[in-house]
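See structure below.
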Amino acid sequence: TTYNELQRKIEAVNFTTEIGAYINFRKIWLRWVLQPGLRTQVYASLGTVSIEPRIAVKYNVNEKFRLKLSGGRFSQNFTSASSDKDIVNLFNGLLSAPTNVQENFVNEFQQVKNTKNGLQYSWHAILGGEYDLSRNISLNVEGYYKYFSQLSNINQNKLYDDIAQFATVDDVFKKDFILESGQSYGVDLLIKYNKDRLFLWGTYSLSKSTRWDGFISYFPVFDRRHNVNMVGSYLLGKDKTYEVSVRWNLGSGLPFTPTAGYYQLINFQGGVTTDYVNENPENVTTLLGDFNSKRLPYYHRLDITAKKRIKFKNKSEMELILSVTNVYNRNNIFYVNRVTGEEIYQFPILPSFGLNYKF
11 TTYNELQRKI EAVNFTTEIG AYINFRKIWL RWVLQPGLRT QVYASLGTVS
61 IEPRIAVKYN VNEKFRLKLS GGRFSQNFTS ASSDKDIVNL FNGLLSAPTN
111 VQENFVNEFQ QVKNTKNGLQ YSWHAILGGE YDLSRNISLN VEGYYKYFSQ
161 LSNINQNKLY DDIAQFATVD DVFKKDFILE SGQSYGVDLL IKYNKDRLFL
211 WGTYSLSKST RWDGFISYFP VFDRRHNVNM VGSYLLGKDK TYEVSVRWNL
261 GSGLPFTPTA GYYQLINFQG GVTTDYVNEN PENVTTLLGD FNSKRLPYYH
311 RLDITAKKRI KFKNKSEMEL ILSVTNVYNR NNIFYVNRVT GEEIYQFPIL
361 PSFGLNYKF
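Under the working numbering, the first residue of the sequence shown is numbered 11, with each subsequent residue one higher.
Have a look at this one:
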């Protein structure tokens, strides 16, 4: 149970039972690798069966260059319990698919879709290529498009309780959850270098995600335009039992809904006789700006780890680990108090020590 911005109660009590079966076939023919599949997901508690075809194809152009294509239909019996109104989400909970949703909804193409349940459905398509630049360097590039034909979300537009008194009110203003549609697309670049004791790995992702809730098109809280990861490791010692690794991550800012202002919340319990001119209530609330129209600062962090492996005669093994997180003490946002504007940062420079023992 929770409440939306207008203090309307949002409640979900569900019990789910699922059964899934998957068939996959792999065929190698000349330079082709074909891998069709089919998944059947039974959502027994919702009385729904989802048929989900899948396909993966790879074509070996030559010894160094490969093309690949994959796609399919997917479903999910989960919805987020987080609020999109928070500047930063400290808790990312999941709920089973809601049942209290509208009977139909209009997607971003202005098509009216009938609603049978609150499940989430999507279609994925991925096209890419792999190229061996040399014996030690490989490059992988993939472009993808995902269309989310049905998504469920907490109804921030709920104004009325879903009772007989408001039977004539549109479902989007009284249901606990609403259905949305959306899309996500982008490009992923991966380059790897591996030779002897040295391993280098770098990725760059350019992506964009949008949602349509029936009223506006907006960026979801996880929409990150740029993301970079760089990893390097080196083995030391005659027997290569020492390892030093470095990881650096950079991500562009996530969207959030800014605060446009503050106002005193007047309670009109006295009806038309309420003295709203002279009343000076203590309760102050926020006035929000355009939904997810601003971005948090860039996130970046450097971590360093050193490991030592020790092998024993009984074939057991111990690993000593020393690591330093956030080496240059970057102030990455953890939480922002919407009322005071106070910023709380994630952990500072954080050294740690660990030990693993395998036997």
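In this text, a Cβ means the ideal position worked out from N, Cα and C, and glycines have one as well.
By the 10 Å Cβ neighbour count, where 16 or more other Cβ atoms means buried, how is residue i classified, buried or exposed?
{"i": "A107", "result": "buried"}
{"i": "E253", "result": "buried"}
{"i": "N34", "result": "exposed"}
{"i": "K250", "result": "exposed"}
{"i": "L56", "result": "buried"}
{"i": "L246", "result": "exposed"}
{"i": "L129", "result": "buried"}
{"i": "Y53", "result": "buried"}
{"i": "K248", "result": "exposed"}
{"i": "K168", "result": "buried"}
Pull up the distance between the alpha-carbon of residue i and that of residue j, whole angstroms please.
{"i": "F229", "j": "S90", "result": "15 Å"}
{"i": "V241", "j": "L210", "result": "6 Å"}
{"i": "F301", "j": "H236", "result": "21 Å"}
{"i": "K68", "j": "Y309", "result": "36 Å"}
{"i": "V111", "j": "L208", "result": "54 Å"}
{"i": "G30", "j": "F322", "result": "44 Å"}
{"i": "Q356", "j": "T350", "result": "18 Å"}
{"i": "D223", "j": "S333", "result": "44 Å"}
{"i": "N341", "j": "Y32", "result": "46 Å"}
{"i": "N204", "j": "I164", "result": "46 Å"}
{"i": "V122", "j": "V179", "result": "18 Å"}
{"i": "S255", "j": "I201", "result": "17 Å"}
{"i": "R319", "j": "W258", "result": "24 Å"}
{"i": "T284", "j": "A174", "result": "30 Å"}
{"i": "Q274", "j": "F225", "result": "28 Å"}
{"i": "G261", "j": "E73", "result": "35 Å"}
{"i": "A66", "j": "D172", "result": "45 Å"}
{"i": "L312", "j": "G82", "result": "37 Å"}
{"i": "W39", "j": "L104", "result": "43 Å"}
{"i": "V282", "j": "Q166", "result": "28 Å"}
{"i": "K317", "j": "Y272", "result": "52 Å"}
{"i": "N324", "j": "I147", "result": "38 Å"}
Once the 5 residues before and after residue i are set aside, which same chain residues still bring their CB inside 7 Å of it?
{"i": "P358", "result": "N336 and N339"}
{"i": "I61", "result": "T50"}
{"i": "E353", "result": "I343 and V346"}
{"i": "L143", "result": "L149"}
{"i": "A270", "result": "L297, L298 and G299"}
{"i": "N70", "result": "R41 and R76"}
{"i": "Y214", "result": "L199 and V238"}
{"i": "F176", "result": "Y170 and K184"}
{"i": "Q120", "result": "none"}
{"i": "D206", "result": "none"}
Counting only the same chain and skipping the five closest in sequence on each side, list residues whose C-beta sits under 6 Å from that of residue i.
{"i": "S219", "result": "S194, P230 and D233"}
{"i": "F369", "result": "S326"}
{"i": "P307", "result": "G263"}
{"i": "Y286", "result": "I276"}
{"i": "P217", "result": "Before going on, a small fix: residue 217 reads as Ser here, not Pro. For S217, where only same-chain residues beyond five positions count, the Cβ hits under 6 Å are G196."}
{"i": "G212", "result": "I201 and M240"}
{"i": "P46", "result": "F35 and I65"}
Less than 8 Å between the C-beta atoms of residue i and residue j, yes or no?
{"i": "K304", "j": "P361", "result": "no"}
{"i": "E140", "j": "R64", "result": "no"}
{"i": "F187", "j": "H134", "result": "no"}
{"i": "K37", "j": "L44", "result": "yes"}
{"i": "L79", "j": "L137", "result": "yes"}
{"i": "N277", "j": "P291", "result": "yes"}
{"i": "I314", "j": "F363", "result": "no"}
{"i": "G192", "j": "R221", "result": "yes"}
{"i": "Y4", "j": "K156", "result": "What the structure shows of the chain is the stretch from 11 to 369, and residue 4 is not part of that stretch, so it cannot be assessed."}
{"i": "T26", "j": "N127", "result": "no"}
{"i": "N293", "j": "M328", "result": "no"}
Please look up how many angstroms separate the CB atoms of residue i and residue j, rounded, as I've assumed it's under 8 Å.
{"i": "S132", "j": "F158", "result": "5 Å"}
{"i": "E28", "j": "N87", "result": "6 Å"}
{"i": "L161", "j": "E190", "result": "5 Å"}
{"i": "Y154", "j": "G196", "result": "6 Å"}
Using a Cβ-Cβ cut-off of 8 Å (strictly less than) and excluding sequence neighbours within five positions of residue i, which residues of its own chain qualify?
{"i": "E113", "result": "N124, T125 and D181"}
{"i": "T109", "result": "N24, L56, N127 and G128"}
{"i": "E289", "result": "I276"}
{"i": "S227", "result": "E118, T220 and R221"}
Closer than 7 Å: is that where the CB of residue i sits relative to any heavy atom of the ligand PLP?
{"i": "Y214", "result": "Judged by which ligands are present, the structure shown has none, so any question about the ligand PLP falls away."}
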